[in-house]
Amino acid sequence: MASRPALVALLASFAFVGSVMGPASTHAVAAESELSKTVGGLTVYLGVVPAEIVKGLPASSTTERPMHGRIPKGPHEYHLVAAVFDATGGTRISDAIVTAQVSGLGLSGSKMKLEPMQISGTTTYGGFVNLPGLDIYTVKLTVERGGAAPAVLPFKYDHRR
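In case it helps, my numbering puts the sequence shown at residues 6 to 166.
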């Protein structure tokens, strides 16, 4: 069972992703930052939090399994969280297939599917990733929806801080 501070920290990290967007009317005009991008009619916000925050959380009552099917191990594991919105209307996208390719400088990295997660009635996409060194990582998200062309969003995540 997770400690109360760990649970509060986890929920705060998800609330942060939601709070970054502000009111729906500002989603499409929000300035891009290192962890937000708009491509192909989608605005995506990326969060990276230590996996330690989610260690030991109880299994979901509907899945009866740990988050993303496993308990994170190791000191270099992090949880990627992506919030996907329609860039024009600001509505949250909950029917996408989101994949991430994470690589350090000069490396190709591996691909993984980010799983949809329901937090407070909203959908985000997440998964665990290993970030072993102090590096600037490229996180390339690919968002696929229906018959539309995939949106590819390259983010830079500075893990040297």
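Note that CB positions come from ideal geometry on N, CA and C, so glycine has one too.
List the endpoints of the continuous beta strand (DSSP E) containing Glu57. Careful: Glu57 lies outside any beta strand (DSSP E) and carries neither H nor E.
Using the rule of at least 16 other Cβ atoms within 10 Å of the residue's Cβ for burial, across every protein chain shown, is Val152 buried or exposed? For the sequence presented, residue 152 should be read as Gly rather than Val. Exposed is the call here.
Ordered along the chain, which non-local residues of its own chain (more than five positions away) have a Cβ less than 6 Å from that of Glu82? Ala56, Phe133 and Asn135
Which class does His81 belong to by DSSP, given the choice of helix, strand or coil? coil
Which class does Gly112 belong to by DSSP, given the choice of helix, strand or coil? Note that residue 112 corresponds to Leu in the displayed sequence, not to Gly. Leu112 falls in the coil class under three-state DSSP.
Which of the three DSSP states, helix, strand or coil, is assigned to Ile98? Three-state DSSP puts Ile98 in coil, outside helix and strand.
Euclidean distance between Cα positions of Ile98 and Thr104: In a straight line, the C-alpha of Ile98 is about 15 Å away from that of Thr104.
What is the rounded straight-line gap between the Cα of Leu15 and the Cα of Gly45? With a pLDDT of 42 at Leu15, under the threshold of 50, the predicted position of this residue should be treated as unreliable, and no value is reported.
Neighbourhood of Pro155 by C-beta distance below 7 Å, restricted to the same chain and skipping five residues each side: Thr147, Val148 and Glu149
Count the other C-beta atoms from every protein chain shown that fall within 10 angstroms of the C-beta of Gly94, then say buried if there are 16 or more, exposed otherwise. exposed
Hey, how far is the Cα of Pro121 from the Cα of His84? 13 Å
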